[in-house]
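For the record, the sequence lines run as chains A and B. With this note's numbering as the guide, the letters of the first sequence map in order to residues 2 to 268. With this note's numbering as the guide, the letters of the second sequence map in order to residues 3 to 303. Data block below; observations after.
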Amino acid sequence: MTNAPLDNPLLAVRGVTLQYKTKDHLVTATYRVDFDVLRSDRFILLGPSGCGKSTLLKAVGGYMKPIEGEIRLKGEAVTRPGPDRMMVFQEFDQLLPWRTVKENVMFPLRASGRLPRRAAEEKALDYIAKVNLTPFADSFPHTLSGGMKQRVAIARGMAMEPDILLMDEPFAALDALTRRKMQDELLALWEGTRFTVLFVTHSIPEAIKIGSRILLLSPHPGQVKAELDSLPADANAAELSALEQRIHSMLFADAIEEAAITERIIA
Amino acid sequence: MSLVTTGTASRPDIAAPAARPEILREPVASGAFGIVQKPLSARERITNVGAVRKFALLVVIALVWELYARELDNPLLFPTFSATVMAFVKGLFGGDLFTKALTSLRVLLMGYAAGIACAAILTVVAITSRVGTDLLELLTSMFNPLPAIALLPLALIWFGLGAGSIVFVIIHSVLWAVALNTHSGFLAVSNTLRMVGRNYGLRGLPYVARILIPAAFPSILTGLKIGWAFAWRTLIAAELVFGVSSGSGGLGWYIYENKNQLEIPNVFAGLFTVIVIGLIVENVVFRVIEAKTVRKWGLQS
Numbered sequence: 002m003t004n005a006p007l008d009n010p011l012l013a014v015r016g017v018t019l020q021y022k023t024k025d026h027l028v029t030a031t032y033r034v035d036f037d038v039l040r041s042d043r044f045i046l047l048g049p050s051g052c053g054k055s056t057l058l059k060a061v062g063g064y065m066k067p068i069e070g071e072i073r074l075k076g077e078a079v080t081r082p083g084p085d086r087m088m089v090f091q092e093f094d095q096l097l098p099w100r101t102v103k104e105n106v107m108f109p110l111r112a113s114g115r116l117p118r119r120a121a122e123e124k125a126l127d128y129i130a131k132v133n134l135t136p137f138a139d140s141f142p143h144t145l146s147g148g149m150k151q152r153v154a155i156a157r158g159m160a161m162e163p164d165i166l167l168m169d170e171p172f173a174a175l176d177a178l179t180r181r182k183m184q185d186e187l188l189a190l191w192e193g194t195r196f197t198v199l200f201v202t203h204s205i206p207e208a209i210k211i212g213s214r215i216l217l218l219s220p221h222p223g224q225v226k227a228e229l230d231s232l233p234a235d236a237n238a239a240e241l242s243a244l245e246q247r248i249h250s251m252l253f254a255d256a257i258e259e260a261a262i263t264e265r266i267i268a
Numbered sequence: 003m004s005l006v007t008t009g010t011a012s013r014p015d016i017a018a019p020a021a022r023p024e025i026l027r028e029p030v031a032s033g034a035f036g037i038v039q040k041p042l043s044a045r046e047r048i049t050n051v052g053a054v055r056k057f058a059l060l061v062v063i064a065l066v067w068e069l070y071a072r073e074l075d076n077p078l079l080f081p082t083f084s085a086t087v088m089a090f091v092k093g094l095f096g097g098d099l100f101t102k103a104l105t106s107l108r109v110l111l112m113g114y115a116a117g118i119a120c121a122a123i124l125t126v127v128a129i130t131s132r133v134g135t136d137l138l139e140l141l142t143s144m145f146n147p148l149p150a151i152a153l154l155p156l157a158l159i160w161f162g163l164g165a166g167s168i169v170f171v172i173i174h175s176v177l178w179a180v181a182l183n184t185h186s187g188f189l190a191v192s193n194t195l196r197m198v199g200r201n202y203g204l205r206g207l208p209y210v211a212r213i214l215i216p217a218a219f220p221s222i223l224t225g226l227k228i229g230w231a232f233a234w235r236t237l238i239a240a241e242l243v244f245g246v247s248s249g250s251g252g253l254g255w256y257i258y259e260n261k262n263q264l265e266i267p268n269v270f271a272g273l274f275t276v277i278v279i280g281l282i283v284e285n286v287v288f289r290v291i292e293a294k295t296v297r298k299w300g301l302q303s
């Protein structure tokens, strides 16, 4: 690696190799991945499908153990899931259907014994207001649209004020218009609270827009290809498309080489 | 080549669409509409209530019964609906139908509650360990097909003539149906919800109680309903066999006794009681539980 490990990162991922078993295969999802996430980073894991970025996020979440390397949060090894790393999933069914919006946001605060009832309710309403869902605080999840459900999930994650918020393609299942709106809202929320977020996506424009730092992974198995700074929000269109092009060519360089070789063989 | 050059597969015989001006409009204010929302008519609203529709069906069934029984004119084989209701009311207020029904219900509830408790223990063990799962699957496939009544002779030897034996066979009939449904409900809980629960740091019993049970509630409720029906069948059958033993005897014994005395309207009144209690439990108790849980949560329409 070119950049030396930082002294005191919030999240340190060192040489992590992840494997999981399917019915008849043992699959290596990532191979010796290193990266550091600093406080208030908007850190993006970007790569094509099959690069193990979601598996990597699950490992940081504590749902699976690396077979090699280690993951440390504030210096302590991650061994199991916990409310210091709140997850926002892609699926709309991540809210508990038997609880209202407010109760859903309150639930982790109460379940982890962090706050008494009254304080939890106050905090929940506070974060529901931040995602503009105050009129729906007493609605049940099945009455909300997909975008609103994701906003509740984000409010729920943020209300816990976790050390790091883990987001697994949270906007991927949304329509294009809603997705853009949600990206803007997420950035506005970040401006307000400066939380740390680890965000998985396969969309290059989304990575550039949301991220402050982008980790590029190559597929089968996932390995670090590059770690780049993203552009500030006021970057102009030319800079944006240049970075997009650069990332695109890095991610698809192998594919292009392969295509060139096949062409040569055919010729 | 032709003059028209739109796209690669240009067709000279079809002209390109003419240029059109942009169209911009302001939406009309909502006051201009005749109707945006209109309440349904009284008739539509009444027929939308399931209870009303079901009650109408009950009236039709009662009417058919009454007409057929009058046509048959043989009160010993098939008494009329009105005669049955008369016998039912008389038995309830004058006779011992009420106390018999109460005796049956008490034994039933004891067996039902104990069966559910056993099922809860078994499924929690099953969901937390692989050996538990194997045990539950094995026991269910062994005992679920076994009719509860077949265990009655054994129960009589173990627990003697009395409520104990009946409670035992009711537990047997409730346990497997509830355990099977609850377990399959647990297995069907979405992986996302499981991960959410663990993300909150929930493990063990709090995890089962606060995530798995509510998420699997539709299946659990189905199991409870099936268990309730099985419990009734077993109870009445068991009482028919030796009902007099359990103190004053229950509904099964009431039916049996009246058959021996050829009081056929009373036999019908006994059966009628079972049906009425069944209707109330299904359409009031379970209906309210459903409305307050799975329907409200959108887990079931």
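Just so you know, even glycine gets a beta-carbon here, dropped at the ideal spot from N, CA and C. Keep in mind the model is a prediction, meaning the values are calculated, not measured.
- Nearest to Ala-179(B) by alpha-carbon distance, out of Leu-154(B), Tyr-114(B) and Leu-207(B), is Tyr-114(B).
- Put simply, the backbone Cα of Lys-227(B) is about 11 Å away from that of Arg-289(B).
- Annotation for Ala-13(A): the continuous beta strand (DSSP E) segment containing it runs 12 to 22.
- Take Ala-218(B), set aside five residues on each side of it, and the residues of its chain with a beta-carbon closer than 8 Å to its own are Thr-184, Gly-187, Phe-188, Ala-190 and Val-191, in chain order.
- Setting aside the 5 residues that flank it on each side, Thr-135(B) is surrounded in the same chain by Ala-128, each with a C-beta closer than 7 Å to its C-beta; the list follows chain order.
- A Cβ of chain B is located within less than 9 Å of the beta carbon of Glu-92(A).
- Residue pairing for Gln-224(A): DSSP places it in a beta bridge opposite Ser-219(A).
- Spatial neighbours of Gln-184(A) in its own chain (CB-CB distance under 8 Å, excluding positions within 5 residues in sequence) are listed in chain order as Phe-172, Glu-207, Lys-210 and Ile-211.
- The C-alpha of His-174(B) is placed about 14 Å away from the C-alpha of Leu-138(B).
- With fewer than 16 neighbouring CB atoms inside 10 Å of its own CB, Ser-303(B) falls in the exposed class.
- Shown here for Ala-239(B): same chain residues with a beta carbon closer than 6 Å to its own, the five before and five after excluded, namely Ile-151 in chain order.
- Taken atom to atom, the span from the alpha-carbon of Pro-41(B) to that of Lys-298(B) is near 22 Å.
- For Leu-74(A), the pairing in a beta bridge is given by DSSP as Leu-12(A) and Glu-77(A).
- Partner residues in the beta bridge of Met-88(A), as assigned by DSSP, are Leu-167(A).
- Here DSSP, grouped into helix, strand and coil, assigns Asp-136(B) to helix.
- Within 9 Å of the CB of Gln-151(A), no CB atom of chain B is found; the nearest one sits about 13 Å away.
- For Ala-112(A), the nearest beta carbon of chain B is closer than 9 Å to its own beta carbon.
- Between Pro-84(A) and His-203(A), the C-beta gap is not smaller than 9 Å, which leaves the two residues out of contact.
- Annotation: Cβ neighbours of Lys-298(B) in chain A (cutoff 7 Å, chain order): Phe-141.
- Under the three-pair Cβ rule at 8 Å, the stretch 178 to 193 of chain A does not count as touching the stretch 10 to 23 of chain A.
- In the three-state reduction of the DSSP assignment, Asp-176(A) falls in the coil class.
- Taking 9 Å as the Cβ-Cβ cut-off, the stretch 51 to 79 of chain A approaches chain B at Lys-59, Gly-62, Gly-63 and Tyr-64, given in chain order.
- With contacts defined as CB atoms closer than 9 Å, Gly-300(B) and Thr-105(B) fail to qualify as a contacting pair.
- Taking the Cα of Arg-196(B) as reference, the smallest distance to any Cα among Pro-208(B), Ile-123(B), Leu-214(B) and Leu-207(B) is reached at Leu-214(B).
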